[in-house]
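Notes follow once the structure below has been shown.
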Amino acid sequence: MTRVVTVGVAQLGPISRAESRPEVVQRLLALMEQAARGGCDLVVYPEAALTAFFPHWTIEGEQELDSWFETAMPNAAVQPLFDAARRLRIGFHLGYAEIAMEEGRKRRFNTAILVDGNGEIVGKYRKIHLPGYDAPRPGEPFQNLEKRYFEVGNLGFPVWPAFGGRVGMMICNDRRWPESYRVMGLQGVELILLGYNTPVHNPAMPETDDLGNFHNRLVMQAGAYQNGSFVIGVAKAGVEEGVDQIGQSCAIAPSGEVIAQCVTLGDELQIARCDLDLCNSYKTSIFNFAKHRRTEHYGLIVARTGAGDMLGG
Ligand code: ING
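First residue of the sequence shown: 68, per our numbering; consecutive thereafter.
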């Protein structure tokens, strides 16, 4: 029996600062209905899919900062999405800013959840690789204050049995780090879901501005191929509150090939048939970790080349 998961790549265009959660949820519902009509089992939304990407702004007051976070999931504003998932028998991935009361204190994370076709949350991930900086940089066209507004995720990179396979999540900058894929690859992941908000302009490295789409595909195609997994990468695209963000949301097969890609910078759905058995072909041959990986030698390579310090120990 083939294990085909039909995935909706549900790219969002800009979300304005003035757009309410219910207004955004209406956009998400339209994409979910379209995905259901297209026979999807799962629809993947971007990182920070309920609000504008507020880490691009300097926010001083705690009350305003908290206004961009969800203190419960589901909650009244997003409940229609969970209800539609149950009615349509379609799961979804959703990125959002999470406030959690843990260990007796308020904690803020850049979070993503995996919801099954019964509308039940089956998994949660909190972003580990937070790019940018923790203090505003005057004079820059926009900020990246994720280190100021979020804590580093404390849930690791779990992989869950879901949709007939093994599903994992990461968020945006995580996709640039090979460890994110490999930690899940070592758990047999077959479908990695991720959302991103990626500006075209990188104030820290403006010389790479023309390479944004190339680097986006490079890291996800490599991660997919080297771990024998599908990767679904979904953008919040277009000019959002003055920040031009890349699109090119896509679905990538374990071969590393792009099998579906968005072609606009707005709300757009593309559909990918992901035959999870294709993962086995790679995991049992070229990337058979048990047969071919030699972890006992990796430390020696670092020692001999003295790369330990460069690699951060
Ligand atoms: N955004 C960007 C990302 O990793 C970035 C930050 C942009 C890093 C461009 C490097 C180059 O795609 C988020 N939200 O992580």
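Just so it is clear, CB atoms sit at the ideal spot from N, CA and C, and this is done for glycine as well.
Closest in alpha carbon position to Asn142, among Arg88, Asp311, Gly279 and Gly75, is Arg88. Here Pro122 is buried: its Cβ has 16 or more other Cβ atoms, across all protein chains shown, within 10 Å. Phe120 and Gln146 have their alpha carbons spaced roughly 22 angstroms apart.
Here Arg242 is buried, its C-beta having at least 16 other C-beta atoms within 10 Å.
Three or more Cβ pairs drawn from the segment 76–84 and the segment 332–346 lie within less than 8 angstroms of each other, which places the two stretches in contact.
With respect to Val189, Ala229 sits close: the two C-beta atoms are nearer than 8 angstroms. Collapsing the DSSP output to three states places His160 in a strand. Between Arg284 and Val256, the C-beta spacing is not below 8 angstroms. Less than 8 angstroms separates the beta-carbon of Ile157 from that of Leu109. Of the other Cβ atoms in all chains shown, 16 or more fall within 10 Å of the Cβ of Phe176; this residue is therefore buried. A direct Cα-Cα distance of roughly 20 angstroms separates Ala318 from Pro266.
Secondary structure within the segment 84–116: the beta strand (DSSP E) runs of 3 or more consecutive residues, fully enclosed, are 109–111 (chain order). Under DSSP, Arg233 takes part in a beta bridge, and its partners are Pro228. Taking non-hydrogen atoms of the ligand ING into account, the C-beta of Tyr349 is found less than 7 angstroms away from none of them.
The C-beta distance from Tyr192 to Gly220 rounds to 7 angstroms, short enough to fall under 8 angstroms. For Pro266, the CB falls within less than 7 angstroms of some heavy atom of the ligand ING. Every alpha helix (DSSP H) of 4 residues or more that sits fully in the segment 133–183 is shown, in chain order, as 146–155.
At a Cβ-Cβ threshold of 8 angstroms, Tyr112 and Val234 do not count as neighbours.
For the 8 angstroms CB-CB criterion, Cys239 and Asn211 do not form a contact. Gly305 and Leu367 have their C-alpha atoms spaced approximately 46 angstroms apart. Per DSSP, the beta-bridge partners of Glu335 are Gln78.
When only Cα atoms are considered, Ile259 and Ile299 end up about 6 angstroms apart. Ranked by how close their Cα comes to the Cα of Glu246, the residues Phe209, Gly206 and Ile195 have Ile195 in first place.
Only buried fits Met237, as 16 or more other CB atoms lie within 10 angstroms of its CB. Assignment of Asp277 by DSSP, reduced to helix, strand and coil, places it in the helix class.
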